[in-house]
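> The numbering used here puts the first residue of the sequence shown at 54, with every later residue one more than the last.
The beta carbon of each residue, even a glycine, is placed where N, CA and C say it ideally should be.
Mind looking over this structure? Questions follow.
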Amino acid sequence: CKNLTFQLSSGINILVTGSSGCGKTALLRVLCGLWKPVSGVINKKVDLGPEGILYLPQKPYFTDGTLREQIVYPLQSCDVIYDDSKFEDYLKLVGLSELLERLGGLDSETDWNWYDELSPGEMQRLSFVRLFFHQPPFAILDEATSQVSEEMEHLLYRTCSKLKITVMSIGHRSTTRAYHDIELRFSSGGGWTLSPLQSSS
């Protein structure tokens, strides 16, 4: 994008739109520090991680290990002072309470390949449990709700708002617009526009 300038501020959700291949995901990865910009300057007061910015891709990352380890990632479970009810409440919120039953608890050892055992929608919901557990000030959502229902998407964004998690999202559903305050639209040839959205929740 040419001469792109914008600010991600606490409490102001930004929706990134544009045709496929125009650089939406590249922008989010640069903001997270996963990629280095070819030119320009990014000034960040927070870093990538649970206390700054959490990145939720369309296909979440899961490690080997217990259900608790999936939720507290990238932290180590032994480093976390936790109340089990917090884990259970968020699992229930996103409709994944049955995972506790299937696995036998938060700390039950498993040889699961999480990508084989969970559906795409379940993986995305579990990644939001991780987000809600950490409650970072900012989250980058790269089509992170593409595999859940519109009702679940509404619940996930509403919970982000309640937890005061400011989001910058890529999403293609028309309903996703309602959860954002500003639209950053990319056009062909490196053009872009930044405009307010009429309604947000």
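Under 8 Å by Cβ, that's how I've got A197 and P110 pegged, so tell me the actual separation to the nearest angstrom.
What you label residue 197 is simply residue 144 of the sequence shown in a count that begins at 1. What you label residue 110 is simply residue 57 of the sequence shown in a count that begins at 1. Confirmed, Cβ separation roughly 7 Å.
> Start and end of the alpha helix (DSSP H) containing V83?
As a position in the sequence shown, residue 83 is number 30, starting the count at 1. Where V83 is concerned, the enclosing alpha helix (DSSP H) stretches over K77 to C85.
> Grab me the residues of V69's own chain with a C-beta within less than 6 Å of its C-beta, minus the 5 sequence neighbours each way, in chain order.
As a first step, residue 69 must be located in the sequence shown, where it is residue number 16. Only K77, I223 and L237 meet the Cβ criterion.
> Does the region 156–168 come close enough to the region 196–213 to have 3 or more Cβ pairs within less than 8 Å?
no
> If V182 and I124 are in contact, beta carbons under 8 Å, what's the gap, nearest whole angstrom?
Locating residue 182 in the sequence shown gives position 129, counting from the first residue. Locating residue 124 in the sequence shown gives position 71, counting from the first residue. The distance from the Cβ of V182 to that of I124 is about 6 Å, consistent with a contact at the 8 Å cut-off.
> Would a C-beta distance cut-off of 8 Å place T229 and E206 closer than the cut-off?
Residue numbering aside, residue 229 sits at position 176 when the sequence shown is read from its first letter. Residue numbering aside, residue 206 sits at position 153 when the sequence shown is read from its first letter. Cβ atoms of T229 and E206: closer than 8 Å.
> Going by beta-carbon coordinates alone, are R121 and L159 separated by less than 8 Å?
On the sequence shown, position 68 is the one that residue 121 refers to. On the sequence shown, position 106 is the one that residue 159 refers to. Cβ atoms of R121 and L159: closer than 8 Å.
> Tell me, please, which residues DSSP counts as bridged to W88.
If you number the sequence shown from 1, residue 88 lands on position 35. Bridge partners of W88: none, in fact.
> Within the continuous beta strand (DSSP E) that includes S248, where are the two ends?
Locating residue 248 in the sequence shown gives position 195, where the first residue counts as 1. From DSSP, the beta strand (DSSP E) with S248 extends over W245 to P249.
> Which first and last residues belong to the beta strand (DSSP E) in which D195 is found?
To locate residue 195, count along the sequence shown from 1; it is residue 142. Counting along the chain, the beta strand (DSSP E) containing D195 begins and ends at F191 to D195.
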